[in-house]
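Numbering (this note's numbering), first residue to last: 32 to 160.
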Amino acid sequence: MPLVLIIGFLCSSYVGAQALLLVTEVKMFAAYQSSHQATLILKAGEKRWWQLYESGQTTMADEWEVTGGRFRYTMTGTYGEGYQAVNFFAETGEDIILQHRFHVKTEFPPEEEDEPTISERKEGKKDSD
């Protein structure tokens, strides 16, 4: 009789451990799926933002709905050396928020015409006046 109890206990322990692993795996897959969805929202929103930025139609903050969630961005004031910080946020319906931050150069230094081109630098040509 004790042998039957030990075998029953071992079998129930094994089944319980497998059930726990299955539940954990399902939760991990759902988290991965939400994270991947947030990444897709971020990429789609970033692409649209760059199109608006290049055409000069961006504001300091905006948001829009995309498939699977919401994308929003904020732009902060100009930092030293003419850079502006931009924050992107991708939000899914499962309370997953993905953030991406970078700096955009807003002022470009004037180009000097006396500067040799890259091919001239490689060839070692120099203008002598």
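Even for Gly, the Cβ is constructed at its ideal location relative to N, Cα and C.
- R101 is a Cβ neighbour of E122, given a cutoff of 8 Å.
- Counted as a single uninterrupted DSSP element, the alpha helix (DSSP H) harbouring Q68 occupies residues 33 to 85.
- Distances from the CA of K136 to each of F120, E96, E85, Q130 were compared; the closest alpha carbon is that of E85.
- R132 is the residue among I127, G39, R132 whose C-alpha sits nearest the C-alpha of Q115.
- The beta carbon of I127 sits closer than 7 Å to those of S65, S66, A69, all from its chain and outside the five residues before and after it, given in chain order.
- Rounded to whole angstroms, the gap between the alpha carbons of S43 and Q49 is 10 Å.
- For L73, the number of other beta carbons within 10 angstroms of its own is at least 16, and it is reported as buried.
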